[in-house]
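S.K.:
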Amino acid sequence: MTSTAPPPRSTTPLLPATPVAGASWRTTALTAVTPIVWGTTYLVTTELLPPGHPVFAAAARALPAGLLALALTRTLPRGSWWWRSAVLGVLNIGAFFPLLFVAAERLPGGVAATLGAAIPLLATVLAVVVLGERWSRWRLAWGTVGVLGVGFVVLGPDAALDPVGIVAGLGGAAAMALGVTLTKKWGPPPGVGPMAFAGWLLTAGGLALVPPALVEGVPTHVDGPALGGYLWLGIVGGLVAYTLWFSGIRRLSVPAVAFLGLLSPLTAAVLGAAVLGQTLAPLQLVGFGLALLAMLAGQVVPRRPHATAVPPTHDVPEGR
Numbered sequence: 042m043t044s045t046a047p048p049p050r051s052t053t054p055l056l057p058a059t060p061v062a063g064a065s066w067r068t069t070a071l072t073a074v075t076p077i078v079w080g081t082t083y084l085v086t087t088e089l090l091p092p093g094h095p096v097f098a099a100a101a102r103a104l105p106a107g108l109l110a111l112a113l114t115r116t117l118p119r120g121s122w123w124w125r126s127a128v129l130g131v132l133n134i135g136a137f138f139p140l141l142f143v144a145a146e147r148l149p150g151g152v153a154a155t156l157g158a159a160i161p162l163l164a165t166v167l168a169v170v171v172l173g174e175r176w177s178r179w180r181l182a183w184g185t186v187g188v189l190g191v192g193f194v195v196l197g198p199d200a201a202l203d204p205v206g207i208v209a210g211l212g213g214a215a216a217m218a219l220g221v222t223l224t225k226k227w228g229p230p231p232g233v234g235p236m237a238f239a240g241w242l243l244t245a246g247g248l249a250l251v252p253p254a255l256v257e258g259v260p261t262h263v264d265g266p267a268l269g270g271y272l273w274l275g276i277v278g279g280l281v282a283y284t285l286w287f288s289g290i291r292r293l294s295v296p297a298v299a300f301l302g303l304l305s306p307l308t309a310a311v312l313g314a315a316v317l318g319q320t321l322a323p324l325q326l327v328g329f330g331l332a333l334l335a336m337l338a339g340q341v342v343p344r345r346p347h348a349t350a351v352p353p354t355h356d357v358p359e360g361r
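Residues 42 to 361 (the working numbering) make up the sequence shown, in order.
1) What span of residues does the alpha helix (DSSP H) with I290 cover, start to end?
2) Suppose you measure from the CA of V259 to the CA of E88; what does that come to, to the nearest Å?
3) Suppose the cutoff is 6 Å on Cβ atoms and the five residues either side in sequence are ignored; what does the same chain contact list for V143 look like?
4) Nearer than 6 Å: is that true of the beta carbon of P92 relative to any heavy atom of the ligand GDP?
5) What are the complete beta strand (DSSP E) segments, minimum 3 residues, inside the stretch 89-158?
6) Find out if the Cβ-Cβ distance for the pair A164, A218 is shorter than 7 Å.
7) What are the boundary residues of the alpha helix (DSSP H) that W241 is part of?
8) Does R178 come out as helix, strand or coil in the three-state DSSP assignment?
9) How many Å lie between P296 and L162 at the Cα?
10) From W241 to A338, what does the alpha carbon distance come to, in whole angstroms?
11) Straight-line CA distance for G80 to W123?
12) Here's the rule I'm using: 16 or more other beta-carbon atoms within 10 Å means buried, otherwise exposed. How should S294 be labelled?
13) Which term fits A112, buried or exposed, when burial requires 16 or more other beta carbons within 10 angstroms of its beta carbon?
14) Could you have a look at A314 and say whether DSSP puts it in helix, strand or coil?
15) So the alpha helix (DSSP H) W227 belongs to, where does it begin and stop?
16) For W66, does the count of other Cβ atoms within 10 angstroms reach 16, so buried, or fall short, so exposed?
17) On the criterion of 16 or more Cβ atoms from any shown chain inside 10 Å, does T320 qualify as buried, or is it exposed?
18) For M217, would you say it is in contact with chain C, using Cβ-to-Cβ distances shorter than 7 Å as the test?
19) Give the secondary structure of Q340 by DSSP, where H, G and I count as helix, E and B as strand, and everything else as coil.
20) Please report the Cβ distance between A239 and A110, rounded to the nearest whole angstrom; I am assuming they are in contact, meaning their Cβ atoms lie under 8 Å.
21) With DSSP collapsed to three states, give me the class of T302.
22) Helix, strand or coil for V263, going by three-state DSSP, please let me know.
23) Which residue's Cα is closest to the Cα of P229: A101, T308, F287 and L274?
24) Which word fits G120, buried or exposed, when buried means at least 16 other C-beta atoms lie within 10 angstroms of its C-beta?
25) Count the other CB atoms within 10 Å of the CB of G343; is the residue buried (16 or more) or exposed (fewer)?
26) To the nearest angstrom, report how far apart V191 and V256 are at their CA atoms.
27) Going by Cα to Cα distance, which pick from G302, V327, T75 and W183 is closest to A158?
28) Among L280, G187 and V74, which residue has its Cα nearest to the Cα of F329?
29) Who are the near neighbours of M236 in its chain, counting only those whose CB is closer than 8 Å to its CB and skipping five residues on each side?
30) Counting along the chain, where does the alpha helix (DSSP H) carrying V169 start and finish?
31) For Q340, I'd like the list of residues in its chain whose CB is within less than 7 Å of its CB, leaving aside the five on either flank, ordered along the chain.
32) Go ahead and pull the three-state DSSP assignment for T68.
33) Within 10 Å of its beta-carbon, does P95 have 16 or more other beta-carbons around it, so buried, or fewer, so exposed?
34) What's the C-alpha gap between G275 and G318?
35) Using three-state DSSP, classify L81 as helix, strand or coil.
Below is the structure:
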């Protein structure tokens, strides 16, 4: 509370929050586009791309988009940002994608998605440990609700628990949560726009994916629909989505951004129902509502009641 309004306006401490909140909600809406776009990945991968090449798809999604961003912005890292970009690129992309694919291959999709829904919980904890933010029981509670909601939506009776898949799923969630937290902590250097910053990280993450992609192998045949799928994942799911994502991280808190990630499995569920004819049972609809509610609740933290109860005197310094 050290950034409240100056003393002449201390009798109305909540007024300055109004325009900031409005700007935050606009930023939130734009940032939310990213997990919605990411929610199309499963449908595009299963329906358009050649099967058996998930790591190649991840590299094709990241590296060309990163190089395109570098060509458009003509901005390269300097000094410590070379290694910082490498670390953030590996965490947000280079490590997250392979671990996600391992989890998806060894676990039913619902289990993998539920493990991914743990990102808000991990990000809330990391924001305290790494950024020094205050503990938020509100966000911890709603993070738990979000995991339960996504679980209701995507878990089925055939959900198996493979140990390697569980470790990979949790590892992917931890990599993304730590990547978002360090991105907030370090932030881009002054004068570097979101697209240039996204280009640094996409290129670093894409380069890290090239060796395992070569080991996995390159698809022998790429038809028109597959080419369209790669373009969608690279341009929209890569360049556009990550530009909006890192722009949102600049302006929003780490937990608020992480909670938006709940939109990804929900989008996948909606597309599965709309395009693939999958049905949503009543319990799934309840889980859908819980996850949406958790996502919205995670954008705010209720103000403490005592924040407006301090008398307008100078005799209580503990309240500052």
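We treat Cβ as the ideally placed atom computed from N, Cα and C, and that holds for glycine.
This structure is a prediction, so every number in the text was calculated from the model and none was measured.
M.R.: In brief:
1) Here residue 290 corresponds to residue number 249 of the sequence shown, with the count starting at 1. Segment A282 to R292, the alpha helix (DSSP H) holding I290.
2) Translated into positions along the sequence shown, residue 259 becomes position 218. Translated into positions along the sequence shown, residue 88 becomes position 47. Approximately 18 Å between the Cα atoms of the pair.
3) On the sequence shown, position 102 is the one that residue 143 refers to. In the same chain as V143, and ignoring 5 residues on each side of it, the C-beta atoms closer than 6 Å to its own belong to A209, in chain order.
4) In the structure shown, the ligand GDP is absent, as is every other ligand, since no ligand is present at all.
5) Unbroken beta strand (DSSP E) runs of no fewer than 3 residues, entirely contained in the stretch 89-158, are not found.
6) Along the sequence shown, read from residue 1 onward, the residue named residue 164 stands at position 123. Along the sequence shown, read from residue 1 onward, the residue named residue 218 stands at position 177. Contact flag set, yes.
7) Start at 1 with the first residue of the sequence shown, and residue 241 comes out as number 200. Residues P235 to E257.
8) The sequence position of residue 178 within the sequence shown is 137, counting from 1. Correct three-state label for R178: helix.
9) Mapped onto the sequence shown, residue 296 falls at position 255. Mapped onto the sequence shown, residue 162 falls at position 121. Cα atoms of P296 and L162: separation of roughly 8 Å, rounded to the nearest angstrom.
10) For this step, residue 241 is matched to residue 200 along the sequence shown. For this step, residue 338 is matched to residue 297 along the sequence shown. Cα to Cα, W241 sits roughly 32 Å from A338.
11) Reading the sequence shown from its first residue, position 39 is the one you call residue 80. Reading the sequence shown from its first residue, position 82 is the one you call residue 123. Those two C-alpha atoms are separated by around 30 Å.
12) For this step, residue 294 is matched to residue 253 along the sequence shown. When all chains shown are included, S294 counts as buried.
13) Residue numbering aside, residue 112 sits at position 71 when the sequence shown is read from its first letter. Counting Cβ neighbours within 10 Å, A112 comes out exposed, since fewer than 16 surround it.
14) Along the sequence shown, read from residue 1 onward, the residue named residue 314 stands at position 273. Reduced to three states, the DSSP call for A314 is helix.
15) Position 186 of the sequence shown, counted from the first residue, corresponds to residue 227. It spans P204 to W227 - the alpha helix (DSSP H) in which W227 sits, taken as one unbroken run.
16) Here the question's residue 66 lines up with position 25 in the sequence shown. In the assembly as shown, W66 is an exposed residue. Its beta-carbon has fewer than 16 other beta-carbons within 10 Å.
17) For the purposes of this step, residue 320 is identified with residue 279 of the sequence shown, where counting begins at 1. Per the 10 Å Cβ criterion, exposed.
18) Considering every chain present, this structure includes no chain C. It has just one protein chain.
19) By one-based count along the sequence shown, residue 340 stands at place 299. Here Q340 sits in coil by DSSP.
20) Counted from its first residue, the sequence shown places residue 239 at position 198. Counted from its first residue, the sequence shown places residue 110 at position 69. The Cβ separation is near 6 Å, so the contact holds.
21) Looking up residue 302 in the sequence shown gives position 261. Per the sequence presented here, residue 302 reads as Gly, with Thr not at that position. Note: G302 maps to coil in three-state DSSP.
22) The residue given as residue 263 occupies position 222 in the sequence shown. Look at V263 here: in three-state DSSP terms it is coil, with no helix or strand label.
23) Sequence index remark: in the sequence shown, residue 229 carries index 188 (1-based). Relative to the Cα of P229, the nearest Cα in the group A101, T308, F287 and L274 belongs to F287.
24) What you label residue 120 is simply residue 79 of the sequence shown in a count that begins at 1. In this structure G120 is exposed. Its beta-carbon is surrounded by fewer than 16 other beta-carbon atoms within 10 angstroms.
25) Working through the sequence shown from its first residue, we reach residue 343 at position 302. Here the sequence assigns Pro to residue 343, which means Gly is not the residue at that position. Classification for P343: exposed.
26) Taking the first residue of the sequence shown as position 1, residue 191 is located at position 150. Taking the first residue of the sequence shown as position 1, residue 256 is located at position 215. The alpha-carbon of V191 is positioned some 33 Å away from that of V256.
27) Here residue 158 corresponds to residue number 117 of the sequence shown, with the count starting at 1. Of the listed residues, the one whose Cα sits closest to A158 is G302.
28) For this step, residue 329 is matched to residue 288 along the sequence shown. Comparing Cα-Cα distances from F329 to each of L280, G187 and V74, the minimum goes to G187.
29) Counting from one through the sequence shown, the residue named residue 236 turns up at place 195. Once the five neighbours on either side are set aside, the close Cβ partners of M236 are A110, L113, T114, L280 and T284.
30) On the sequence shown, residue 169 is found 128 positions in, with the first residue counted as 1. Start and end: I160 to L172.
31) For the purposes of this step, residue 340 is taken as residue 299 along the sequence shown, with counting starting at 1. Here the set comprises T69, A297 and F300.
32) Within the sequence shown, the letter at position 27 stands for residue 68. In the three-state reduction of the DSSP assignment, T68 falls in the helix class.
33) Here residue 95 is taken as the residue at index 54 of the sequence shown, counted from 1. By the beta-carbon neighbour count (other beta carbons within 10 angstroms, threshold 16), P95 is buried.
34) The residue you call residue 275 lines up with position 234 of the sequence shown. The residue you call residue 318 lines up with position 277 of the sequence shown. Spanning the two alpha carbons is a distance of roughly 26 Å.
35) Mapped onto the sequence shown, residue 81 falls at position 40. The sequence given here places Thr at residue 81; Leu does not occur at that position. Here T81 sits in coil by DSSP.
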